[in-house]
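Colleague: If you're matching positions, the sequence shown starts at 24 in this note's numbering and goes up one per residue.
Every residue, glycine too, gets a C-beta built ideally from N, C-alpha and C.
Handing you this structure, nothing more for now.
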Amino acid sequence: MLVIEEPALRPLRCAAVALAAISLFGCTNLPHRAPVEERSATPRATLAAASPAVAASAPDAGKPVVADNGVRPGYYTVKSGDTLIRIGLDNGQNWKDLVRWNNLENPNLIEVGQVLRVVAPGVDPAAATSRPVTTARLEARPLDARPAAPTASAPAVAVAPPPAPPPAPAPAAPREPDDDVGWAWPVTAPVALPFDDARNKGLVFRGKAGDPVLAAADGRVVYAGSGLRGYGNLIILKHNATYLTAYAHNQTLLVKDDQTVKRGQKIAEMGSTDADGVQLHFEIRKQGKPVDPARLLPPR
């Protein structure tokens, strides 16, 4: 069936269609705001200030010193039970130098994990503990001439080769200046207990209370007191940059810190402080490490 639209209604229908189109496009073109995610600012890392002793032991300004359990040369990490006297003895240093090198305000207050400089500033720790390796010098010598072959007219005669010259002895390793200490025995009593690196890091001499204890070599007193557990009344002498000696369990101390002493000088009297009987425990330490004194002391 054919429907004919009235001309009067046609403008109205067109207007309705146009209005609907405007409404549709108007909705789709409205401005749309995207959602915004609020994020908090990332906090800055905070730097913990190092303690004065740790900061003072840093080799370079601005570089933190980390605990290295004493592995890195020239530094030592404090362990439970340590004292500056013990650290100085084990590293061949005067405990007062440790105080100065690390700017310690109170030498009685050191903390577990604290890193201390145990080598003087400006000294290469590797050079302080190493010794040059020397090799024997090789001497070039010409080969011995072989005997001429026998001629046909003369019978061959066996000629013994000349004996080889004895090998030249290898030169002795040069002695370091610090090795020329000039040791002497600290007491006249015989050795009661020899050196044992695991249990007895020195020599033990038995005697009577009051027997004289003598300086084993020229040196300077770096400690005289009873602040090191297990040693009683103790004297520590520093002889040079390499060697220290320790004299323990004394009854009486006759010298004081920083005093200069001579070999054979009476520095103490034998006693039994912090020991099970009257005795002298005597140590020689090379760069802080105990060595057998019997190998350095002169034969009796």
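By how many angstroms is the C-alpha of GLN116 removed from the C-alpha of ILE290?
Modeller: Spanning the two alpha carbons is a distance of roughly 20 Å.
Colleague: Under the DSSP definition of a beta bridge, which residues are partnered with HIS304?
Modeller: VAL227 and ALA271.
Colleague: Do you know how far the Cα of GLY205 is from the Cα of ASP241?
Modeller: Taking the straight line from one Cα to the other gives about 8 Å.
Colleague: If the criterion is Cβ atoms closer than 9 Å, does the pair GLU292 and VAL236 meet it?
Modeller: It is a contact, given that the beta carbons lie within the stated cut-off.
Colleague: Note the first and the last residue of the continuous beta strand (DSSP E) segment covering ILE133.
Modeller: Neither: ILE133 is in no beta strand (DSSP E) and is coded neither H nor E.
Colleague: Exposed or buried, what is GLY294 when buried is set at 16 or more other beta-carbons lying within 10 Å of its beta-carbon?
Modeller: Counting Cβ neighbours within 10 Å, GLY294 comes out buried, since at least 16 surround it.
Colleague: Measure the alpha-carbon distance for VAL245 versus LEU112 and round it to whole angstroms.
Modeller: About 10 Å.
Colleague: Just curious, the alpha helix (DSSP H) that LEU112 is in, first and last residue?
Modeller: Counting along the chain, the alpha helix (DSSP H) containing LEU112 begins and ends at 107-113.
Colleague: Where LEU267 and ILE259 are concerned, what is the direct C-alpha to C-alpha distance, given to the nearest angstrom?
Modeller: Using only the alpha carbons, I get a separation of about 7 Å.
Colleague: Between which two residues does the beta strand (DSSP E) harbouring ARG222 extend?
Modeller: Note, ARG222: premise wrong, no beta strand (DSSP E); not H, not E.
Colleague: In the DSSP assignment, find the beta strand (DSSP E) that holds TRP314 and state where it starts and stops.
Modeller: It should be noted that the sequence gives Val, not Trp, for residue 314. Element bounds for VAL314: 312-314.
Colleague: Quick one: Cα of GLY93 to Cα of LYS312, how far?
Modeller: Unreliable positioning characterises GLY93 in this predicted model, as indicated by a pLDDT of 42, which lies under 50. The coordinate reading is nonetheless provided below. Those two C-alpha atoms are separated by around 14 Å.
Colleague: Taking just the CA atoms, how far does GLY250 sit from VAL278?
Modeller: Each residue's Cα considered, the two are about 16 Å apart.
Colleague: At which residues does the alpha helix (DSSP H) containing LYS119 begin and terminate?
Modeller: Element bounds for LYS119: 118-124.
Colleague: Please state the DSSP three-state secondary structure of LEU319.
Modeller: Reduced to three states, the DSSP call for LEU319 is coil.
Colleague: Cα separation between ARG347 and LEU276?
Modeller: With the chain covering 24 to 323 only, the question about residue 347 has no answer from this structure.
Colleague: Would you call PRO209 buried or exposed, if buried means 16 or more other Cβ atoms sit within 10 Å of its Cβ?
Modeller: Per the 10 Å Cβ criterion, buried.
Colleague: Taking the alpha carbon of PRO321 as the reference point, which residue from ALA207, GLY287 and LEU226 has its own alpha carbon closest?
Modeller: Residue ALA207 is the option with its Cα nearest to PRO321.
Colleague: By how many angstroms is the C-alpha of LEU319 removed from the C-alpha of THR157?
Modeller: For THR157, the predicted model reports a pLDDT of 37, less than 50, meaning its position is unreliable; a value from the coordinates is still stated below. Roughly 22 Å separates the two Cα atoms.
Colleague: For VAL284, count the other beta carbons within 10 Å of its own beta carbon; 16 or more makes it buried, fewer makes it exposed. Which is it?
Modeller: Burial call: buried.
Colleague: Expressed to the nearest angstrom, what Euclidean distance is found between the alpha-carbon atoms of LYS119 and ARG229?
Modeller: When rounded, the distance between both Cα atoms is 32 Å.
Colleague: Taking the Cβ atom as the reference point for each residue, do PRO96 and PRO148 lie within a distance shorter than 9 Å?
Modeller: Yes, these two residues count as a Cβ contact at 9 Å.
Colleague: For PRO200, name the three-state secondary structure that DSSP assigns.
Modeller: Three-state DSSP puts PRO200 in a helix.
Colleague: When DSSP labels each residue in this structure, what does PRO96 get in the three-state scheme?
Modeller: Looking at PRO96 - three-state DSSP - the assignment turns out to be coil, as it is neither helix nor strand.
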